[in-house]
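Participant: Numbering (our numbering), first residue to last: 5 to 323.
Ideal Cβ positions, reconstructed from N, Cα and C, are used throughout, including at glycine.
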Ligand code: SF4
Ligand code: ZN
Ligand code: ZN
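Laid out in structure tokens, this is it:
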């Protein structure tokens with residue numbers, strides 16, 4: 005029997021990048037410790053703040069909700085959950101009840117905002133329109149841009165001081181690599197444990213940024229947390245290629261993902277010179293913050309003959 009490197013009980017996980025084995029108890033404790041360390045080291049939340057967490061119902065966001073609920077209770081903060089229903093048939097309608105169920109179990113207020121109500125079309129319809137119109141954009145571009153916009157608006161309307169997302173180490177390293185490949189300095193510069201406030205934007209925080217995806221999944225499993233395990237039907241393309249490449253790299257050279265992250269964090273302060281200064285304005289079409297005359301969501305919608313129909317989101321409160 006392989007034994008835990010810390011307590012000698014039966015090992016449940018081989019943390020290859022650190023050269024240690026962990027039993028179920030030490031694994032749970034270790035993830036919770038890392039989460040608290042990230043919260044404290046980067047001062048992600050201050051006592052008395054209101055935190056809005058984006059919860060899809062998947063393992064990362066639900067695990068993050070459990071960790072944040074405990075943390076916020078200790079720090080006298082308030083946690084609310086926001087789910088974006090993009091309108092992806094066979095996927096989101098399964099994950100949404102799991103998000104709701106976990107929020108109810110933790111006594112957290114849960115809000116749902118949807119593409120259909122805000123933009124007049126589900127993501128499924130947007131994808132069909134984009135195909136018909138032969139636009140250059142893939143489903144994840146529409147989904148990502150519009151989801152970010154809705155989350156920010158919902159968090160702002162809810163009076164949140166911070167908007168938390170459950171990006172794990174793998175997500176963050178994939179984003180770093182993707183922006184390298186695309187040479188996108190502005191997006192690269194926006195990565196990190198937190199993103200400072202700018203007019204109209206709720207500061208974003210990523211409490212799971214230093215926890216590998218596998219460990220978040222195992223944490224949820226070991227704690228018996230109910231999560232949605234489905235895969236989005238639109239997942240694929242360059243994101244998947246980069247994910248597979250990084251997983252291969254990590255298998256052959258353990259600790260590679262952490263090294264990419266650490267290197268990026270050291271380089272980030274120097275990137276500021278490469279990022280053009282811009283002034284924040286209000287989108288002429290919807291009023292949301294943007295650095296252009298029209299925000300990216302409205303630009304994408306316009307290309308499909310759609311527009312933002314619903315200006316206020318929080319009336320979609322669940323409960
Ligand atoms: Fe949206 Fe793409 Fe993620 Fe599916 S895989 S939820 S389309 S960003
Ligand atoms: Zn142990
Ligand atoms: Zn707009």
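1. Using only the heavy atoms of ligand 1, determine whether one of them is closer than 7 Å to the beta carbon of residue 11.
2. If you measure from each CB to the nearest heavy atom of ligand 1 and keep those under 7 Å, what residues do you get, in chain order?
3. Just to check, is the beta-carbon of residue 285 closer than 7 Å to a non-hydrogen atom of ligand 3?
4. Where are the alpha helix (DSSP H) runs, 4 residues long or more, that stay fully inside the region 142-174, in chain order?
5. Around the C-beta of residue 255, are 16 or more other C-beta atoms found within 10 angstroms, so that it is buried, or is it exposed?
6. Is it buried or exposed, residue 7, if we count other Cβ atoms within 10 angstroms and call 16 or more buried?
7. Where does residue 188 land, buried or exposed, given buried means 16+ other C-beta within 10 angstroms?
8. Are the Cβ atoms of residue 110 and residue 69 separated by less than 8 Å?
9. Pull up the distance between the alpha-carbon of residue 166 and that of residue 198, whole angstroms please.
10. Around the C-beta of residue 279, are 16 or more other C-beta atoms found within 10 angstroms, so that it is buried, or is it exposed?
11. Check each candidate in 35, 11, 19 and name the one with the smallest Cα separation from residue 324.
12. Using the three-state DSSP reduction, which class does residue 300 fall into: helix, strand or coil?
13. Give me the Cα-Cα distance between residue 90 and residue 203, rounded to the nearest whole angstrom.
14. What do you get for residue 315, buried or exposed, if any count of 16 or more other CB atoms within 10 angstroms of its CB means buried?
15. Cα separation between residue 227 and residue 286?
16. Below 7 Å, is the gap between the Cβ of residue 117 and the nearest heavy atom of ligand 3?
17. By the three-class DSSP mapping on this structure, what secondary structure does residue 195 have?
18. For residue 323 and residue 57, I'd like the C-alpha separation in whole angstroms.
19. Quick one: does the C-beta of residue 76 sit closer than 7 Å to a heavy atom of ligand 2?
20. Residues bridged to residue 89 by DSSP?
21. If I measure Cβ to Cβ from residue 206 and keep anything under 8 Å in the same chain, skipping five residues before and after, which residues do I get?
22. By DSSP, does residue 251 sit in helix, in strand, or in coil?
23. Ligand 2 heavy atoms versus the CB of residue 26: any closer than 7 Å?
24. Sorted by chain position, which residues of the same chain lie with C-beta nearer than 6 Å to residue 192's C-beta, five sequence neighbours on each side aside?
25. With a 10 Å radius around its C-beta and 16 neighbouring C-beta atoms as the bar for buried, classify residue 217 as buried or exposed.
26. Within 10 Å of its beta-carbon, does residue 321 have 16 or more other beta-carbons around it, so buried, or fewer, so exposed?
27. Is it true that the region 31-40 meets the region 133-145, where meeting means three or more beta-carbon pairs spaced less than 8 Å apart?
28. Just to confirm the assignment, what range does the beta strand (DSSP E) spanning residue 55 have?
29. Which residues does DSSP list as the beta-bridge partners of residue 80?
30. Comparing the CB of residue 29 with every heavy atom of ligand 2, is any distance shorter than 7 Å?
31. Report yes if the C-beta of residue 8 is less than 7 Å from at least one heavy atom of ligand 2; otherwise report no.
32. How about residue 237 and residue 94: are their beta carbons less than 8 Å apart?
Facilitator: Put simply:
1. Taking the first residue of the chain shown as 1, we reach residue 11 at position 7. Outside the cutoff, so no.
2. 90, 92, 127, 143, 144, 147, 148, 151, 236, 238, 239
3. To locate residue 285, count along the chain shown from 1; it is residue 281. Not so, every heavy atom of ligand 3 lies at least 7 Å from the Cβ.
4. 143-161
5. Position 251 of the chain shown, counted from the start, is the residue given in the question as residue 255. Counting Cβ neighbours within 10 Å, residue 255 comes out exposed, since fewer than 16 surround it.
6. Taking the chain shown and counting its residues from 1, the one referred to as residue 7 is at position 3. Residue 7 comes out exposed.
7. For this step, residue 188 is matched to residue 184 along the chain shown. Classification of residue 188: exposed, given that the 10 Å Cβ count is below 16.
8. In the chain shown, residue 110 corresponds to position 106, counting from 1. In the chain shown, residue 69 corresponds to position 65, counting from 1. Their beta carbons are under 8 Å apart, which means residue 110 touches residue 69 by this criterion.
9. Taking the chain shown and counting its residues from 1, one reaches residue 166 at position 162. Taking the chain shown and counting its residues from 1, one reaches residue 198 at position 194. The straight-line gap from Cα to Cα measures roughly 9 Å.
10. The residue you call residue 279 lines up with position 275 of the chain shown. Residue 279 should be labelled exposed.
11. What is shown of the chain runs 5 to 323, which leaves residue 324 out entirely.
12. For the purposes of this step, residue 300 is taken as the residue at position 296 of the chain shown. DSSP places residue 300 in helix when its eight states are reduced to three.
13. Locating residue 90 in the chain shown gives position 86, where the first residue counts as 1. Locating residue 203 in the chain shown gives position 199, where the first residue counts as 1. Straight-line Cα distance between these residues: approximately 26 Å.
14. Numbered from its first residue, the chain shown carries residue 315 at position 311. So residue 315 ends up on the exposed side.
15. Reading the chain shown from its first residue, position 223 is the one you call residue 227. Reading the chain shown from its first residue, position 282 is the one you call residue 286. Cα to Cα, residue 227 sits roughly 44 Å from residue 286.
16. Here the question's residue 117 lines up with position 113 in the chain shown. No, the Cβ of residue 117 stays beyond 7 Å of every heavy atom of ligand 3.
17. Your numbering for residue 195 matches position 191 in the chain shown. Coil.
18. As a working mapping, residue 323 is identified with position 319 in the chain shown. As a working mapping, residue 57 is identified with position 53 in the chain shown. Per-residue confidence for residue 323 stands at a pLDDT of 42, beneath the threshold of 50, marking its modelled position as unreliable; the derived number appears in the next sentence. Rounded to the nearest angstrom, the two C-alpha atoms are 17 Å apart.
19. Taking the chain shown and counting its residues from 1, the one referred to as residue 76 is at position 72. Checking the Cβ of residue 76 against ligand 2 gives no.
20. The sequence position of residue 89 within the chain shown is 85, counting from 1. Paired residues: 118.
21. The residue you call residue 206 lines up with position 202 of the chain shown. Contacts found: 56, 156, 159, 160, 164, 165, 166, 167.
22. The count along the chain shown starts at 1 and reaches residue 251 at position 247. Note: residue 251 maps to helix in three-state DSSP.
23. Position 22 of the chain shown, counted from the first residue, corresponds to residue 26. Under cutoff, so the answer is yes.
24. As a first step, residue 192 must be located in the chain shown, where it is residue number 188. Within its own chain, the residues whose Cβ lies closer than 6 Å to the Cβ of residue 192, once the five positions on either side in sequence are excluded, are 183, listed in chain order.
25. Residue numbering aside, residue 217 sits at position 213 when the chain shown is read from its first letter. Buried.
26. Here residue 321 corresponds to residue number 317 of the chain shown, with the count starting at 1. The predicted model places residue 321 with a pLDDT of 48, which falls under 50 and marks its position as unreliable; any figure quoted below should be read in that light. Exposed: under 16 other Cβ atoms inside 10 Å.
27. no
28. Working through the chain shown from its first residue, we reach residue 55 at position 51. Start and end: 54-58.
29. Here residue 80 is taken as the residue at index 76 of the chain shown, counted from 1. Answer by DSSP bridge pairing: none, since residue 80 is not bridged.
30. For the purposes of this step, residue 29 is taken as residue 25 along the chain shown, with counting starting at 1. Residue 29 Cβ: within cutoff of ligand 2.
31. Within the chain shown, residue 8 is the residue found at index 4, counting from 1. Indeed, a heavy atom of ligand 2 lies less than 7 Å from the Cβ.
32. Taking the first residue of the chain shown as position 1, residue 237 is located at position 233. Taking the first residue of the chain shown as position 1, residue 94 is located at position 90. Their beta carbons are under 8 Å apart, which means residue 237 touches residue 94 by this criterion.
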